[in-house]
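Chain order of the listed sequences is A and B.
Counting from 1, one number per residue, gives the positions in the first sequence under the UniProt record's numbering.
Counting from 1, one number per residue, gives the positions in the second sequence under the UniProt record's numbering.
All C-beta atoms, glycine included, are put in the ideal place defined by N, C-alpha and C.
There are 2 protein chains.
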Amino acid sequence: MKEAPVFRVGLDDCDKAHLGSLGFVLRRYPSHAVIARQGDEQDRIFVIRSGWGCIFTELMDGERQILDFPLKGEFVASRAFDGEAPESFIAQTELMVFEAPAKALLAGLARSPNLAAVLLGAIARQRAILVQHLTNLGRRSALMRTAHLLLELGTRLEKANSARQLGFECPLTQYDLADALGLTAIHVNRMLRELRERGYLEFRHGSVHFVNREGLERFAGFDPGYLRLPGES
Amino acid sequence: MKEAPVFRVGLDDCDKAHLGSLGFVLRRYPSHAVIARQGDEQDRIFVIRSGWGCIFTELMDGERQILDFPLKGEFVASRAFDGEAPESFIAQTELMVFEAPAKALLAGLARSPNLAAVLLGAIARQRAILVQHLTNLGRRSALMRTAHLLLELGTRLEKANSARQLGFECPLTQYDLADALGLTAIHVNRMLRELRERGYLEFRHGSVHFVNREGLERFAGFDPGYLRLPGES
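Laid out in structure tokens, this is it:
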């Protein structure tokens, strides 16, 4: 199945034709399928069409550190341009992704500076997300970082028109959150209870409900500027 | 002063001419100068010629999380392609950097797929470094992450021909290391003492000496594959 990914940005018809010519193929992965494994040769790039992805590093002792959960419309490129994947990429839920060979993309860049700006903007946004996750782990308390991540995921889904201001469907377990937040699942459980008791949010039955979003954003020091999409004003 | 940065990769003469035409300007910053501040409009890209840089996020409570110390030959792009800087960039030591407008670079990409591959490779490498720092904070013990960072910095300097296998000149204080490792300076001090007592390394008078590098790499789970330069086999 061939189809081009849609970026929410100002591409003209000529750029869209270039994008369509890059050889993106739409593929479906069942939940928990491994799409790329850390250390394997990796020469594809991906754009999520629907579902939740998960990228993580695996440590020698079998632990994992989740780096991010790529969502609808987002780009997964990691080290596609020269060799082995520095991280694993799996389907957190059933996942539809556009895939293209990294080399085709390089050729595409050469044909359209607009497309190059969009691509580099998308890569920079994914990097800015990693930077916030790093800041979460290093300098935000367990409670603040739990709040910050949930606010971020909600905001990203809103920008992809997949969530409302009030909350979002969240397929993550407390184990997943723990591996993303550098905590144990028990600790995450306690943090979610405390966020509920403080009247900030409720997370149950696979759904996050922001009870007091404004207060939560203030508490977590959450400034959504880094989630601006390429071309978004 | 105009001069083009040298990437250690397979660019042909034509690519080098393209690189030279992108408008890189060599600038000198004194130690601790602010080159780009978080939240400011940011439309430049940088390649370090000599010295140590430092990129970090500033939190509302005045704390900072150091993301990385960009070194000789390395690329600093963060969010140069669409607006405000998500992080601050300062000179850790006196710093010589090549600067170019991000827009000129986009035009350059369009002229040479080779150059585009080198640029994307350099961005991907800086991202792989962030990923390891994130993994340090989330899933490596204080002792392991201290060892991992020092091994990484030594390896990066070696690849830039600025260090030997035995060790490297290191201008970082224990406060800098603390802000990079998510620890306090007192904790870093204890970790450095423990690494010395275990016979792994000595860090004093601004110099890191690897006493037992092989053992240290094993202990820290350090695999230097992610530091491969674009085009390096």
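Go ahead and label proline 230/B buried or exposed: buried means 16 or more other beta carbons lie within 10 angstroms of its beta carbon, across all protein chains shown. As a working mapping, residue 230/B is identified with position 230 in the second sequence. Counting Cβ neighbours within 10 Å, proline 230/B comes out buried, since at least 16 surround it.
Rounded to whole angstroms, what's the CA-CA distance from leucine 151/B to glutamine 38/B? Just pull it up for me. Within the second sequence, numbered from 1, the residue matching residue 151/B stands at position 151. Within the second sequence, numbered from 1, the residue matching residue 38/B stands at position 38. Computed Cα separation, rounded: 28 Å.
Contact under 9 Å by Cβ, leucine 67/B with alanine 160/B: Here residue 67/B corresponds to residue number 67 of the second sequence, with the count starting at 1. Here residue 160/B corresponds to residue number 160 of the second sequence, with the count starting at 1. No; because the gap between Cβ atoms is not below 9 Å, this pair is not in contact.
How far does the alpha helix (DSSP H) with phenylalanine 69/B in it extend, from its first residue to its last? Here residue 69/B is taken as the residue at index 69 of the second sequence, counted from 1. Here phenylalanine 69/B belongs to no alpha helix (DSSP H), and DSSP marks it neither H nor E.
Give the DSSP-derived three-state secondary structure of histidine 194/B in the structure shown. For the purposes of this step, residue 194/B is taken as the residue at position 194 of the second sequence. It should be noted that the sequence gives glutamate, not histidine, for residue 194/B. Reduced to three states, the DSSP call for glutamate 194/B is helix.
Apart from the five residues just before and just after glutamate 169/A, which ones in its own chain have a Cβ nearer than 7 Å to its Cβ? Walking along the first sequence from the start, residue 169/A turns up at place 169. Taken in chain order, the residues that qualify are Gly206, Ser207.
Where do the N-terminal and C-terminal ends of the alpha helix (DSSP H) with valine 131/A fall, by residue? Taking the first sequence and counting its residues from 1, the one referred to as residue 131/A is at position 131. Per DSSP, valine 131/A belongs to the alpha helix (DSSP H) from 113-139.
Taking DSSP as the reference, what is the three-state secondary structure of methionine 1/B? What you label residue 1/B is simply residue 1 of the second sequence in a count that begins at 1. Reliability fails at methionine 1/B, whose pLDDT of 42 lies under 50, so the model's placement of it is uncertain and the value that follows must be treated cautiously. Residue state, collapsed to three classes: coil.
I'd like the span of the beta strand (DSSP E) that includes arginine 145/A, first residue to last. Indexing the first sequence from 1 puts residue 145/A at position 145. Taken as a continuous stretch (DSSP letters only), arginine 145/A belongs to no beta strand (DSSP E), being part of the alpha helix (DSSP H) at 142-159.
Please report how far the alpha carbon of arginine 213/B lies from the alpha carbon of tyrosine 200/B, in whole angstroms. Numbered from its first residue, the second sequence carries residue 213/B at position 213. Numbered from its first residue, the second sequence carries residue 200/B at position 200. Rounded to the nearest angstrom, the two C-alpha atoms are 7 Å apart.
Pairing CB atoms from the stretch 103-111 of chain A with CB atoms from the stretch 18-28 of chain A, are three or more of them under 8 Å? yes
Closer than 9 Å, Cβ to Cβ, to anything on chain B: give me those residues from the stretch 57-73 of chain A, in chain order. Thr57, Leu59, Met60, Asp61, Glu63, Arg64, Gln65, Ile66, Leu67
Per DSSP, which one or two residues make a beta bridge with threonine 93/B? Sequence index remark: in the second sequence, residue 93/B carries index 93 (1-based). For threonine 93/B, which the question treats as bridged, DSSP gives no partner whatsoever.
If you run the structure through DSSP and keep just helix, strand and coil, what is arginine 218/B? To locate residue 218/B, count along the second sequence from 1; it is residue 218. Correct three-state label for arginine 218/B: helix.
Below 8 Å on the Cβ atoms is my guess for isoleucine 123/B versus alanine 77/B; work out the distance and round it to an integer in Å. Walking along the second sequence from the start, residue 123/B turns up at place 123. Walking along the second sequence from the start, residue 77/B turns up at place 77. Sure, about 6 Å apart at Cβ, within 8 Å.
Proline 30/B, DSSP secondary structure in three states: In the second sequence, counting from the first residue as 1, residue 30/B sits at position 30. Proline 30/B: coil per DSSP, three-state reduction.
Residues that tyrosine 226/A contacts on chain B, provided the C-beta gap is smaller than 7 Å: Taking the first residue of the first sequence as 1, we reach residue 226/A at position 226. Within chain B, the residues near tyrosine 226/A are Pro86.
Thinking just about the alpha-carbon of each residue, which of Val188/B, Leu192/B, Leu149/B is nearest to the one in alanine 220/B? Locating residue 220/B in the second sequence gives position 220, counting from the first residue. The shortest Cα separation from alanine 220/B among Val188/B, Leu192/B, Leu149/B belongs to Leu149/B.
With a threshold of 9 Å between beta carbons, is aspartate 179/B in contact with chain A? Counting from one through the second sequence, the residue named residue 179/B turns up at place 179. At least one chain A Cβ lies under 9 Å of aspartate 179/B.
With distances taken Cα to Cα, identify the nearest neighbour of arginine 140/A among Phe89/B, Leu153/B, Gly182/B, Leu177/B. Taking the first residue of the first sequence as position 1, residue 140/A is located at position 140. Nearest option by C-alpha distance: Gly182/B.
Exposure label - methionine 1/A; buried when at least 16 CB within 10 Å: Sequence index remark: in the first sequence, residue 1/A carries index 1 (1-based). Per-residue confidence for methionine 1/A stands at a pLDDT of 43, beneath the threshold of 50, marking its modelled position as unreliable; the derived number appears in the next sentence. With fewer than 16 Cβ atoms within 10 Å of its Cβ, methionine 1/A is classed as exposed.
For glutamine 65/A, is the classification buried or exposed, using 16 other Cβ atoms within 10 angstroms of its Cβ as the cut-off for buried? Numbered from 1 along the first sequence, position 65 holds the residue referred to as residue 65/A. Buried, since its Cβ has 16 or more Cβ neighbours within 10 Å.
Since leucine 201/A is in the beta strand (DSSP E), which residue starts that stretch and which ends it? Indexing the first sequence from 1 puts residue 201/A at position 201. Unbroken beta strand (DSSP E) run through leucine 201/A: 201-204.
Is the distance from the Cβ of proline 86/B to the Cβ of glycine 225/A below 9 Å? Counting from 1 along the second sequence, the entry for residue 86/B is found at position 86. Counting from 1 along the first sequence, the entry for residue 225/A is found at position 225. Result yes, Cβ atoms of proline 86/B and glycine 225/A sit closer than 9 Å.
Between glutamate 99/B and phenylalanine 24/B, which are expected to be in contact by the criterion C-beta below 8 Å, what is the C-beta distance as a whole number of angstroms? Working through the second sequence from its first residue, we reach residue 99/B at position 99. Working through the second sequence from its first residue, we reach residue 24/B at position 24. Contact holds; Cβ gap of about 7 Å.
On a Cα-Cα basis, can you pick out the residue from Ser162/A, Leu22/A, Ser50/A, Asp13/A that is closest to serine 31/A? Position 31 of the first sequence, counted from the first residue, corresponds to residue 31/A. Comparing Cα positions, the closest option is Ser50/A.
Determine, using beta carbons only, whether leucine 216/B comes closer than 9 Å to chain A. Counted from its first residue, the second sequence places residue 216/B at position 216. For leucine 216/B, the answer is no, since every Cβ of chain A falls outside 9 Å of its Cβ.
Going by DSSP in three states, proline 101/B sits in which element: helix, strand or coil? Position 101 of the second sequence, counted from the start, is the residue given in the question as residue 101/B. Residue state, collapsed to three classes: strand.
Could you confirm whether any beta carbon from chain B is found closer than 9 Å to the beta carbon of methionine 1/A? As a first step, residue 1/A is located in the first sequence; it is residue number 1 there, counting from the start. Low per-residue confidence applies at methionine 1/A: pLDDT is 43, beneath 50, and the placement is therefore not dependable, though the value from the model is reported in the following sentence. It does not: the Cβ of methionine 1/A has no partner Cβ on chain B nearer than 9 Å.
Under 8 Å Cβ to Cβ from aspartate 12/A, same chain only, skipping five residues before and after it: list those, please. As a position in the first sequence, residue 12/A is number 12, starting the count at 1. The residues are Asn114.
When Ala104/A, Ala116/A, Leu105/A, Ala107/A are compared against alanine 107/B, the one with the closest alpha-carbon: As a position in the second sequence, residue 107/B is number 107, starting the count at 1. Taking only the C-alpha atoms, the option nearest alanine 107/B is Ala116/A.
Let's test the definition: count the other Cβ atoms within 10 Å of the Cβ of isoleucine 186/A and tell me whether it reaches 16, buried, or not, exposed. By 1-based counting over the first sequence, the position of residue 186/A is 186. Under this definition isoleucine 186/A is an exposed residue.
Output needed in chain order: residues of the stretch 140-165 of chain B with a Cβ under 9 Å from some Cβ in chain A. Arg140
For alanine 36/A, which of Gln126/A, Phe89/A, Trp52/A, Gly154/A has the nearest alpha-carbon? To locate residue 36/A, count along the first sequence from 1; it is residue 36. When only C-alpha atoms are compared, the closest one is Phe89/A.
Positions along the stretch 102-130 of chain B whose CB lies within less than 7 Å of some CB in chain A: Leu106, Ala107, Leu109, Ala110, Pro113, Ala116, Ala117, Leu120, Gly121, Ile123, Ala124, Arg127, Ala128, Leu130
Quick one, which of Ile129/A, Phe75/A, Ala147/A has its alpha-carbon nearest alanine 178/A's? Against the first sequence, residue 178/A aligns to sequence position 178. It is Ala147/A.
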